[in-house]
Amino acid sequence: MSTQAEAAAKEPVLRDRVVIVTGGGRGIGREIALAMAAEGASVVVNDIGASIGGEGHNATPAQEVVAEIRAKGGKAIADTHSVADWDEAFATVAAAMKAFGRIDALVNNAGILRDRLFHKMDIDEWRAVIDVNLNGVFNISRAVAPVFRQQESGSFINITSTAGLIGNIGQANYGAAKAGMAALSRTMATDMKKFNVRSNCIAPFAFTRMVESIPIDRPEMAAKVEKARRMESRKIAPMAVYLASGLAEKVTGQVFCVRANEIFLLSQPRPLRSVHRSEGWTVHDIAQHAIPAMQSDFYGLDVSADVFSWDPI
-3 MSTQAEAAAK EPVLRDRVVI VTGGGRGIGR EIALAMAAEG ASVVVNDIGA SIGGEGHNAT
57 PAQEVVAEIR AKGGKAIADT HSVADWDEAF ATVAAAMKAF GRIDALVNNA GILRDRLFHK
117 MDIDEWRAVI DVNLNGVFNI SRAVAPVFRQ QESGSFINIT STAGLIGNIG QANYGAAKAG
177 MAALSRTMAT DMKKFNVRSN CIAPFAFTRM VESIPIDRPE MAAKVEKARR MESRKIAPMA
237 VYLASGLAEK VTGQVFCVRA NEIFLLSQPR PLRSVHRSEG WTVHDIAQHA IPAMQSDFYG
297 LDVSADVFSW DPI
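Laid out in structure tokens, this is it:
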């Protein structure tokens, strides 16, 4: 490596940039906030300090991350507004602008869980998760959009999940929100491309308090949780930092997955097979010809663990 290249590699990639990290007080969000600061960013650590299910408020998690960043010479402020509320999401953006004067990246990481089998889920469990995990992403992304548009730059980094992109048992609300986030991310990428604004997703595998909350009532669940313990939250942060930086200026509209030391580019829905009948289709024609022609390409009812069946590397 040349001397010039070595110097560039040591230069903080987020110097003079400002990043908002929602859900930045714990788990993956905490690691992302710390990594952003380590690369020179000023960080708005947004976290209401709620339980996994979204109950309660506690400013301590956000404040502790801010203290850790400042102790290392970085710049950060704590913010405890709820992204699930339209006005509070705009208040978070206003706080960031007041403190730092600009915003260069938004990490949509805040999320809650209220797992229940679909046929037993009630409306409150559905709405609570959708409000935080999907409506919250829209609220704060919409609040940031005018800032990005005026600057003609910016990066949305959306923490999605294979629970929605592939599927998981007992997570209809969470999966729907995370799949919706991926669709929203792509639309943000297309709508704001002309302003040099990018939007990408990361589907992380990591041992967090959400994973730790999984009831271990079967041997296979115990094995799943034990495997998850080997996947550290800090392994997710480098991809988020990369997507926030100028190094990723041509990367937009993508869905990545990070699992320990593995990075995957995930597929997005595109046509696989087609059948044509010039005279049109009857119900019986579909049953006898169309479906048999396409059936070999049908997707099974896989869950994330079926698709990512090997141990993390």
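Take -3 as the starting number for the sequence shown in my numbering and just add one per residue. Each residue gets a CB set at the ideal place from its N, CA and C atoms; glycine is no exception. In this text the structure is predicted, and so the values were computed from the model without any measurement.
Residue environment, residue i, which counts as buried when at least 16 other CB atoms sit within 10 Å
i      : result
Met235 : buried
Glu275 : exposed
Glu84  : buried
Thr278 : exposed
Leu161 : buried
Val271 : exposed
Tyr295 : exposed
Asp43  : buried
Gln264 : exposed
Val133 : buried
Met290 : exposed
Gly69  : exposed
Val14  : buried
Short Cβ contact (9 Å threshold) for residue i with residue j
i      : j      : result
Val193 : Ser241 : no
Leu130 : Gly49  : no
Val89  : Ala139 : yes
Ile24  : Ala202 : yes
Arg226 : Asp307 : yes
Gly249 : Thr186 : yes
Gln59  : Ala74  : yes
Val40  : Ala87  : no
Ala244 : Ser151 : yes
Arg269 : Asp298 : no
Ser159 : Phe114 : As written in the sequence, residue 159 is Ala, which differs from the Ser given in the question. For Ala159 and Phe114, no; Cβs fall outside 9 Å.
Cutoff 9 Å: residue i Cβ touching any chain D Cβ
i      : result
Ile232 : The structure shown contains no chain D; it is built from a single protein chain.
Same chain, Cβ closer than 6 Å to residue i, five either side skipped, listed in chain order
i      : result
Gly36  : Pro8, Leu10 and Arg11
Lys71  : Ser38
Asn154 : Asn104, Met177, Ser181 and Cys197
Gly163 : Val299
Beta-carbon proximity list for residue i, same chain, < 8 Å, skipping 5 on both sides
i     : result
Ala31 : Arg230, Ala233, Pro234, Ala236 and Val237
Contacts around residue i, its chain only, beta-carbon distance under 7 Å, and the 5 residues preceding and following it disregarded
i      : result
Gly191 : With the sequence shown as reference, residue 191 is identified as Phe, and Gly is not the correct amino acid for it. For Phe191, where only same-chain residues beyond five positions count, the Cβ hits under 7 Å are Phe144, Arg145 and Glu148.
(message) Taking contact to mean 3 or more Cβ pairs, one atom from each stretch, closer than 8 Å, check whether the stretch 147 to 165 and the stretch 97 to 104 are in contact.
(response) They touch, by the three-pair rule.
(request) Report yes or no: do the stretch 123 to 138 and the stretch 76 to 96 share at least 3 C-beta pairs separated by less than 8 Å? (result) With the cut-off at 8 Å, the stretch 123 to 138 and the stretch 76 to 96 touch.
(request) Taking 8 Å as the threshold, find out whether the stretch 53 to 61 comes into contact with the stretch 237 to 254 through three or more Cβ pairs. (result) Short answer: they don't touch.
(message) Could you tell me which whole alpha helix (DSSP H) segments of length 4 or greater appear in the stretch 118 to 169?
(response) Correct list: 119 to 126 and 132 to 147.
(message) Just to confirm the assignment: which complete alpha helix (DSSP H) runs, minimum length 4, are found wholly within the stretch 54 to 112?
(response) Counting only runs of 4 or more, we get 56 to 67 and 82 to 96.
(request) Quick one: which unbroken beta strand (DSSP E) runs of 3-plus residues sit fully inside the stretch 248 to 272? Chain order, please. (result) Listed in chain order, they are 251 to 255 and 258 to 261.
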